[in-house]
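Enquirer: Sharing a structure with you now.
Protein chains: 2
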Amino acid sequence: MNSKAEGRPVSPPRTATRHDGGMPGPSAPLASHGRTGRPPVTSRTQILSAARRLIDRDGWEKLTIRRLAAELGIGATTLYHHIQNKEDLLVLLLNHYIDQLERPDLPSDPQERIVTAATAMHDALAGWPWAAEILTVDGFVGLLDETALWMVEAILSGAADRGCTPEQGVEVFRSIWYYTVGEILVRAHSDDRQDGDERALARETSFSSLDASQVPCLAAIGSRWAALAARDTYRQGLRAFVDGLFEQASAPYPTRRSASPR
Amino acid sequence: MNSKAEGRPVSPPRTATRHDGGMPGPSAPLASHGRTGRPPVTSRTQILSAARRLIDRDGWEKLTIRRLAAELGIGATTLYHHIQNKEDLLVLLLNHYIDQLERPDLPSDPQERIVTAATAMHDALAGWPWAAEILTVDGFVGLLDETALWMVEAILSGAADRGCTPEQGVEVFRSIWYYTVGEILVRAHSDDRQDGDERALARETSFSSLDASQVPCLAAIGSRWAALAARDTYRQGLRAFVDGLFEQASAPYPTRRSASPR
DNA sequence: GCTATTTTAGGAACACGTTCCGAAAGTAGC
DNA sequence: GCTACTTTCGGAACGTGTTCCTAAAATAGC
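As given, the protein sequences belong to chains L and B, one line each in that order.
Position one of the first sequence corresponds to residue 1 (my numbering), numbered consecutively onward.
Position one of the second sequence corresponds to residue 1001 (my numbering), numbered consecutively onward.
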């Protein structure tokens, strides 16, 4: 939604801060404008493009409030008059990134449509390494641009086509969302260790020295755990999840497992 | 670290640096010991109990390296000779917490056993609010105490009892793990906003002003999204996931959906 | 008792996100 | 031109996790 384009509390009579870019163009500070008060020297678009420039040049770990301010030639704390906090900035950047992605063709089969949309969601976030920093911000989905909501819509529509109620559809989405977020976050942190430190080695061997009488299955896997855990099984698990969710939704009463409704 | 000075990789006669507690008891600095070098004034157990004391007294947000050091009466940087970093400390604390929990009776039915174990895992982590800080550290499962691995083992054994190969069992566990981690992390960040700030309000109304022609399902849900997303559906989703995973594992060939093996 | 060696202690410093608060730079009314 | 008022700017400061480097305290060999 566009409403969050303005970080402001939404008070002034003229709320149309909407036409992004504001007054100072990306290169021209421009002349005055109808508003009162000291004119801003930096626009939101300038900030965002400077952030992208910084990321492209130095890598995303180097994207720092202070460095970004320096890149813009302004004080560090001045940035906080344009963005709420760093999470805010990253959400803004992520939205811009997602908007650039091309939307895949959505299959007509509901199940396949969900898998396609969820995979697109997953791949988009997985390809944005610093997405992990903000994936869990409260109400993340609500912060997405309207152009990115087609993924959510695709999943909901798929659920609806399979006879789910809207409530069940939301539950389907949330379940998939949790699975996706978890996969990306765990994977993002696993990829951090590019340097084969001793911790990784100690961990790899840890499962191979387990008590086979206490944890036989784990012991049987032993040192193969690391290799098995490194495989990419997102899509496969997603298919299983969608199948299970639909089977559950189409059975108003517990199918055959022990009843316990809650 | 020290090993590289020597030619041998695992040289020292006594490799068992693991016997926790070290030399200085929880309250007694104690006398000398066989080892050379300046004797430590603080033991690992002292650190851990001080950390718990701090958490119980001031809340876990106040658990800070500097405060912990002050509580112990030592320099802040000295702590880094006993723990690797803050994540390390939290993992240690989490292990101690999990060890104290009572293990539920595991049902004999494989599916129910998995649900029980995963729920225990979930509830344990959800009841430990600052678990969210470390849930995604690389190889987290490998850092668990052996007394906490019964949850992993229960899931693997359940999968094995349903005819899964060890490889499939690991995949079942990882899928459940991702789902669980995602649920906890998202939920942990949603609970952060105890204060009804304006962001939450703006978000709640956000979905109600959507273009019904572009995203009909979302628009139909509208403002109910927030309420629906607040429900606790972990267990229900888990059941569906386990069902789907087993159905998939027992079908060597794609059941009926479009083939695409990869 | 001396020196060498080994191990721990901890102050200084860094970069980070963020908040506070006074200064600066505009407009509006007179 | 002057005084209000409004809005933005940005330096100082706080608390954080963490690293560097030097001092201190023990043992081992002489």
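Virtual Cβ for every residue (Gly too), placed ideally from N, Cα, C.
This one's a predicted model, so the numbers in the text were calculated from it and none came from an experiment.
Which residues in the same chain have their Cβ closer than 8 angstroms to the Cβ of residue 154 of chain L, if we skip the five residues on either side of it in sequence?
Expert: Taking the first residue of the first sequence as position 1, residue 154 of chain L is located at position 154. If we look at residue 154 of chain L and ignore the five residues flanking it on each side, its Cβ neighbours are 106, 113, 114, 116, 117.
Enquirer: Quick check: the Cα distance between residue 218 of chain L and residue 1249 of chain B, rounded to an integer number of angstroms?
Expert: Stepping through the first sequence from its first residue, residue 218 of chain L is reached at position 218. Stepping through the second sequence from its first residue, residue 1249 of chain B is reached at position 249. Their Cα atoms are separated by approximately 19 angstroms.
Enquirer: Whole angstroms are fine: how far does the CA of residue 1056 of chain B sit from the CA of residue 1130 of chain B?
Expert: As a position in the second sequence, residue 1130 of chain B is number 130, starting the count at 1. As a position in the second sequence, residue 1056 of chain B is number 56, starting the count at 1. Straight-line Cα distance between these residues: approximately 13 angstroms.
Enquirer: Out of curiosity, what's the CA-to-CA distance linking residue 265 of chain L and residue 1148 of chain B?
Expert: The structure shown does not extend to residue 265 of chain L, since chain L is modelled only from 1 to 262, so the question has no answer here.
Enquirer: Nearest-angstrom Cα distance between residue 1123 of chain B and residue 1242 of chain B?
Expert: Within the second sequence, numbered from 1, the residue matching residue 1123 of chain B stands at position 123. Within the second sequence, numbered from 1, the residue matching residue 1242 of chain B stands at position 242. Looking at the two C-alpha atoms, the distance is approximately 18 angstroms.
Enquirer: Against residue 1081 of chain B, what residues of chain L qualify as contacts under a CB-to-CB distance less than 9 angstroms, listed in chain order?
Expert: Here residue 1081 of chain B corresponds to residue number 81 of the second sequence, with the count starting at 1. Residues of chain L passing the Cβ test: none, with the nearest at roughly 17 angstroms.
Enquirer: With a threshold of 8 angstroms between beta-carbons, can residue 1149 of chain B be considered close to chain L, or not?
Expert: Locating residue 1149 of chain B in the second sequence gives position 149, where the first residue counts as 1. Closer than 8 angstroms: yes.
Enquirer: Please name the residue, chosen from L:93, L:35, L:75, that lies closest to residue 54 of chain L on a Cα-to-Cα basis.
Expert: Along the first sequence, one-based indexing puts residue 54 of chain L at 54. The candidate whose alpha carbon is nearest that of residue 54 of chain L is L:93.
Enquirer: Measure the C-alpha to C-alpha separation of residue 1226 of chain B and residue 1171 of chain B and round it to an integer number of angstroms.
Expert: Position 226 of the second sequence, counted from the start, is the residue given in the question as residue 1226 of chain B. Position 171 of the second sequence, counted from the start, is the residue given in the question as residue 1171 of chain B. About 32 angstroms.
Enquirer: Taking DSSP as the reference, what is the three-state secondary structure of residue 83 of chain L?
Expert: Within the first sequence, residue 83 of chain L is the residue found at index 83, counting from 1. Looking at residue 83 of chain L - three-state DSSP - the assignment turns out to be coil, as it is neither helix nor strand.
Enquirer: With 8 angstroms set as the bound, which would you pick, yes or no: does the beta-carbon of residue 46 of chain L sit closer than that to a beta-carbon of chain B?
Expert: If you number the first sequence from 1, residue 46 of chain L lands on position 46. No, no contact with chain B.
Enquirer: Taking Cβ to Cβ, would you say residue 89 of chain L is nearer than 8 angstroms to residue 51 of chain L?
Expert: Numbered from 1 along the first sequence, position 89 holds the residue referred to as residue 89 of chain L. Numbered from 1 along the first sequence, position 51 holds the residue referred to as residue 51 of chain L. For residue 89 of chain L and residue 51 of chain L, yes; Cβs fall inside 8 angstroms.
Enquirer: Beta carbons nearer than 8 angstroms to chain L: which residues of the region 1163 to 1185 of chain B have them?
Expert: Against chain L - using a Cβ distance shorter than 8 angstroms - the residues of the region 1163 to 1185 of chain B are 1166, 1167, 1169, 1170, 1171, 1174, 1175, 1177, 1178, 1179, 1180, 1181, 1182, 1183, 1185.
Enquirer: Please name the residues in the region 1090 to 1118 of chain B whose beta-carbon is closer than 9 angstroms to at least one beta-carbon of chain L, in chain order.
Expert: Flagged, chain order: 1107, 1109, 1111, 1112, 1115.
Enquirer: I want to see whether chain L comes within less than 8 angstroms of residue 1240 of chain B, judged by CB atoms only; does it?
Expert: To locate residue 1240 of chain B, count along the second sequence from 1; it is residue 240. Judged by the 8 angstroms Cβ criterion, residue 1240 of chain B is in contact with chain L.
Enquirer: How far does the alpha helix (DSSP H) with residue 166 of chain L in it reach, from first residue to last?
Expert: The residue you call residue 166 of chain L lines up with position 166 of the first sequence. First-last of the alpha helix (DSSP H) with residue 166 of chain L: 166 to 190.
Enquirer: Figure out for me which residue from L:108, L:86, L:128 has the closest Cα to the Cα of residue 100 of chain L.
Expert: The sequence position of residue 100 of chain L within the first sequence is 100, counting from 1. The option with the nearest alpha carbon to residue 100 of chain L is L:128.
Enquirer: So, for residue 180 of chain L: in the same chain, excluding its five sequence neighbours on each side, which residues have a beta-carbon less than 7 angstroms away from its beta-carbon?
Expert: Your numbering for residue 180 of chain L matches position 180 in the first sequence. The residues are 118, 121, 122.
Enquirer: Could you confirm whether any beta carbon from chain L is found closer than 8 angstroms to the beta carbon of residue 1123 of chain B?
Expert: Along the second sequence, read from residue 1 onward, the residue named residue 1123 of chain B stands at position 123. No, no contact with chain L.
Enquirer: Between the region 1221 to 1236 of chain B and chain L, which residues of the former have a C-beta closer than 9 angstroms to a C-beta of the latter?
Expert: Cβ contacts with chain L come from 1221, 1224, 1225, 1226, 1228, 1229, 1231, 1233, 1234, 1235, 1236.
Enquirer: Report the three-state DSSP secondary structure of residue 196 of chain L (helix, strand or coil).
Expert: As a working note, residue 196 of chain L is residue 196 in the first sequence. Because residue 196 of chain L carries a pLDDT of 49, less than 50, the predicted location of this residue cannot be relied on, and no value is offered for it.
Enquirer: For chain L, find out if any of its Cβ atoms is closer than 8 angstroms to the Cβ of residue 1042 of chain B; answer yes or no.
Expert: Counting from one through the second sequence, the residue named residue 1042 of chain B turns up at place 42. No - not a single Cβ of chain L is within 8 angstroms of the one on residue 1042 of chain B.
Enquirer: With burial defined as no fewer than 16 other Cβ atoms inside 10 Å of the residue's Cβ, what is the status of residue 1136 of chain B: buried or exposed?
Expert: Locating residue 1136 of chain B in the second sequence gives position 136, counting from the first residue. Buried: at least 16 other Cβ atoms inside 10 Å.
Enquirer: When the Cα of residue 1178 of chain B is compared with those of B:1237, B:1076, B:1045, which residue comes out closest?
Expert: Locating residue 1178 of chain B in the second sequence gives position 178, counting from the first residue. Nearest C-alpha to residue 1178 of chain B: B:1237.
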